[in-house]
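Numbering (the numbering used here), first residue to last: 7 to 488.
A quick write-up on the structure given underneath.
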């Protein structure tokens with residue numbers, strides 16, 4: 007092979023994308039490639055050694071697509087001799103647009119992302135001498151794309167949605183396992199069911215095998231993730247399993263590893279689900295996909311629940327776990343959202359006791375029904391509502407963190423990739439994510455034993471970093487290592 011065997015992975019969007027990128031990277035590592043995972047910045051120097059870039063994209067909002075376009079141009083500039091494979095949801099929805107951006111681009115739609123596992127062997131056998139030749143070969147290898155995002159290549163017809171399951175986690179201290187992909191819902195505003203397709207679930211035997219492997223490797227925590235975990239369907243020894251059943255299976259066959267869910271829908275939080283999560287090893291942190299507190303807006307969104315179901319889910323979770331961290335997604339500025347509708351959302355956050363709300367302005371997605379809904383909400387109003395949600399969220403999070411001051415919690419140590427410059431002389435900064443998802447910073451002496459990234463630790467919460475919480479920063483509390 008004439009190409010230098012160095013590949014750079016760049017990932018945009020959700021944890022699921024990051025997980026799949028790490029899984030793909032393992033196939034390159036096994037083939038003897040040098041792999042880069044650190045995000046490229048505009049200030050970084052150009053790198054002539056990289057022969058291939060893989061960009062895993064998101065398309066959940068218009069801003070996500072804009073970021074994907076900017077990142078494509080940045081990677082083309084920073085890696086002047088590399089072919090660039092663009093995959094993920096943006097690649098699934100807009101292949102023609104991407105392919106027309108540059109000759110060094112090869113589009114691999116998100117549904118066929120598992121084909122990345124075959125790329126190292128293909129390029130090994132190719133006679134490509136530079137990025138342009140590699141991109142042309144890869145375009146032919148992946149197969150042609152049709153207008154509208156359909157993919158006629160052989161990879162889509164034989165897709166393997168759970169092939170890219172990493173065994174190690176270079177970019178994360180906590181392990182993740184994708185147990186489900188796609189979505190059978192048809193929400194009026196969402197393009198994910200176009201981009202990722204119908205719901206598919208990992209076989210329980212494979213999920214258990216991966217969980218056991220991760221526990222054996224020393225992982226302290228496992229995050230179960232998917233697009234819509236509530237649509238999980240599996241079969242174990244003749245019995246049908248839902249998400250609660252899979253959780254029980256993993257808990258019954260493992261000994262120490264803690265389990266966290268990436269997100270759940272309100273209708274997933276059944277009495278049976280809450281019985282399953284009472285286990286001490288299930289983390290008391292739940293991110294609920296809510297989107298609005300107004301029944302009128304939820305109906306126009308075609309969500310499969312109403313305000314009452316959201317509040318019932320919150321109540322059940324609080325009965326199952328003591329003072330859990332409850333977070334949610336909120337879309338504001340949905341077409342037709344009145345002041346009363348927005349007031350309903352604010353009151354839902356308070357009544358449900360949410361410690362954090364991830365607020366987004368509505369972004370019309372091409373091909374969805376809501377893109378044509380009226381009346382449109384002015385961008386100024388959207389911005390004001392997002393600001394109000396963020397302000398309420400900061401107050402709620404501050405109160406939640408302060409309620410744990412002086413308390414001891416289980417946590418997982420995180421690597422400190424970009425330590426601040428104001429660390430006192432003779433001190434070492436350690437970061438940890440607690441069982442209830444408080445992101446804490448710990449100062450140790452240089453002579454102290456520093457816990458390894460990914461290792462289980464016990465911490466005592468000293469209090470919130472008030473200014474950091476107000477600014478929405480990730481590291482929001484101070485703690486003491488026990």
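C-beta: ideal position from N, C-alpha, C; glycine also.
For the pair residue 234 and residue 327, the Cα-to-Cα distance works out to about 22 Å.
For the set 49, 51, 43, the Cα lying nearest the Cα of residue 61 is the one of 43. Contact between residue 419 and residue 458 is confirmed by a C-beta separation of about 7 Å, below the 8 Å threshold. Annotation: residue 131 to residue 69 spans about 38 Å, alpha carbon to alpha carbon. In this structure, residue 80 sits away from residue 14, with a CB-CB distance that is not shorter than 9 Å. The Cβ-Cβ distance between residue 66 and residue 93 does not fall below 9 Å.
Per DSSP, residue 144 has no beta bridge partner at all. In chain order, 199, 308 place their CB closer than 7 Å to the CB of residue 192, counting only its own chain and leaving out the 5 sequence neighbours on each side.
Between residue 376 and residue 286, the gap from beta carbon to beta carbon reaches 9 Å or more.
The three-state reading of DSSP puts residue 169 in coil, since its state is none of H, G, I, E or B. Nearest neighbour of residue 207 by Cα position, chosen from 183, 190, 145, 238, turns out to be 238. DSSP, reduced to helix, strand and coil, places residue 447 within a strand of the structure shown. According to the DSSP assignment, residue 274 belongs to no beta strand (DSSP E), since it is labelled neither H nor E. Listed in chain order, the beta strand (DSSP E) elements of length 3 or more contained wholly in the stretch 405-430 are 414-420.
Residue state for residue 437 is assigned as strand, using DSSP reduced to three classes.
In the structure shown, the three-state DSSP call for residue 367 is strand.
For residue 49, the number of other beta carbons within 10 angstroms of its own is below 16, and it is reported as exposed.
Closest in alpha carbon position to residue 56, among 179, 203, 322, 9, is 9. With contacts defined as CB atoms closer than 9 Å, residue 180 and residue 253 fail to qualify as a contacting pair. Taken through DSSP and simplified to helix, strand or coil, residue 219 comes out as helix.
Assignment of residue 301 by DSSP, reduced to helix, strand and coil, places it in the helix class. Under DSSP, no beta-bridge partner is assigned to residue 81.
With the rule of 3 Cβ pairs closer than 8 Å, the stretch 244-263 does not count as touching the stretch 401-409. Counting only residues of its own chain and dropping the five nearest sequence neighbours on each side, residue 275 has a CB closer than 7 Å to the CB of 319, 322, 323. Relative to residue 310, the option among 213, 340, 271, 330 whose CA is nearest is 271. By the neighbour-count criterion, in which 16 or more other beta carbons inside 10 Å mark a residue as buried, residue 119 falls on the buried side.
By the CB criterion at 9 Å, residue 245 and residue 117 fall outside the cutoff.
Residue 236 and residue 334 have their C-alpha atoms roughly 16 Å apart.
Straight through space, the alpha carbons of residue 338 and residue 472 are spaced by roughly 26 Å.
The beta carbon of residue 82 sits closer than 7 Å to those of 90, 108, 110, all from its chain and outside the five residues before and after it, given in chain order. By alpha-carbon distance to residue 354, the top candidate from 46, 301, 432, 388 is 301. Separation of residue 481 and residue 443 (C-alpha to C-alpha, rounded to the nearest whole angstrom) is 11 Å. Per the coordinates, the alpha-carbon of residue 466 lies some 41 Å from the alpha-carbon of residue 340. Annotated three-state conformation of residue 62 is strand, per DSSP. By alpha-carbon distance to residue 460, the top candidate from 453, 437, 292, 336 is 437. As computed with DSSP, residue 115 is found in a beta bridge with 94.
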